[in-house]
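Quick note, the sequences are listed as chains E and P, same order.
For this note's numbering, count along the first sequence from 1 and bump the result up by 101.
For this note's numbering, count along the second sequence from 1 and bump the result up by 11.
Backbone N, C-alpha and C fix where the C-beta goes; we use that ideal spot for every residue, glycine too.
It should be emphasised that the depicted structure is a prediction, and the values quoted were computed from it without experimental measurement.
Everything below concerns the one structure shown next.
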Amino acid sequence: DQQVKQNSPSLSVQEGRISILNCDYTNSMFDYFLWYKKYPAEGPTFLISISSIKDKNEDGRFTVFLNKSAKHLSLHIVPSQPGDSAVYFCAASGSDSWGKLQFGAGTQVVVTP
Amino acid sequence: DAGITQSPRYKITETGRQVTLMCHQTWSHSYMFWYRQDLGHGLRLIYYSAAADITDKGEVPDGYVVSRSKTENFPLTLESATRSQTSVYFCASRRGEGEQFFGPGTRLTVL
């Protein structure tokens, strides 16, 4: 039973345009959400996070939006660059879970020139 | 170098053999985790540890054993490898609150 779902396995976007990645969760106890980026043959690297007390967090080109009532979060990348081509994982944890993360299946992003 | 390392990076073994994957971190982080990555599943937690000598099962622990006698090391052992354990394994660590930092992964193939 996957508690974190990324329903789009892939996304193709032109360089300079916006990439929007979506993530849904089912567990209402989740209160901390993260996005990780992964290149082939490397480990995931942390990108950005958001606590449930916020609805938006920005870091440079990356913005994460959280809609708690819909149990939905999204990652916006503006503008998209070729180096953004990677697999993006959404992850979530609850305050009582010792920081254990539940991951989505990932979205492969390809940024084309 | 500081960080989190895994060894070996690639391993081929046969069904029924015992395999140990090593994980070492130099940050003295309290928390350490083992995940496996499979297509369509993302990363799934196998075992985790809150400190030396404190470990607990994650989502998919069957067939795996862990130990943590020292803060910096968190080995994962497959006692009798099966083909279904063919996967990419990631170790991660976390200081307290906040994000986890991942190692480069071990690609394990069980024939």
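- Closer than 8 Å to the CB of E/Gly161 there is not a single CB belonging to chain P.
- Partner residues in the beta bridge of E/Glu159, as assigned by DSSP, are E/Thr164.
- Residue state for P/Arg94 is assigned as helix, using DSSP reduced to three classes.
- In the three-state DSSP reduction, E/Gly205 falls in the coil class, being neither helix nor strand.
- Assigned with DSSP and collapsed to three states, P/Gly51 falls in coil, not helix or strand.
- Under the criterion of beta carbons closer than 8 Å, P/Ile57 and P/Val76 do not qualify as touching, at roughly 10 Å.
- In this model, P/Ser60 and E/Gln209 are separated by some 30 Å (Cα to Cα).
- DSSP places E/Gly184 within a helical segment (H, G or I) once states are collapsed to three.
- Between the alpha carbons of P/Ala103 and E/Lys201 lies a distance of about 11 Å.
- Per DSSP, P/Thr82 lies in no beta strand (DSSP E) segment and is marked neither H nor E.
- Each residue's CA atom was taken as its position, placing E/Gly184 and E/Asn168 some 28 Å apart.
- Contact annotation: E/Ala171 and E/Tyr133 have beta-carbon atoms that are not nearer than 8 Å.
- From the beta-carbon of E/Leu176, no residue of chain P is found nearer than 8 Å; the closest lies around 15 Å away.
- With contact defined as three or more Cβ pairs closer than 8 Å, the stretch 12–30 of chain P and the stretch 112–119 of chain P are in contact.
- Per DSSP, P/His40 lies in no beta strand (DSSP E) segment and is marked neither H nor E.
- When Cβ-Cβ separations below 8 Å define contact, E/Ser153 makes no contact with chain P.
- Residue-level contact by beta carbon holds for P/Glu110 and chain E, with a gap shorter than 8 Å.
- Around P/Arg79, no beta-carbon contact reaches into chain E at under 7 Å, the shortest distance being about 14 Å.
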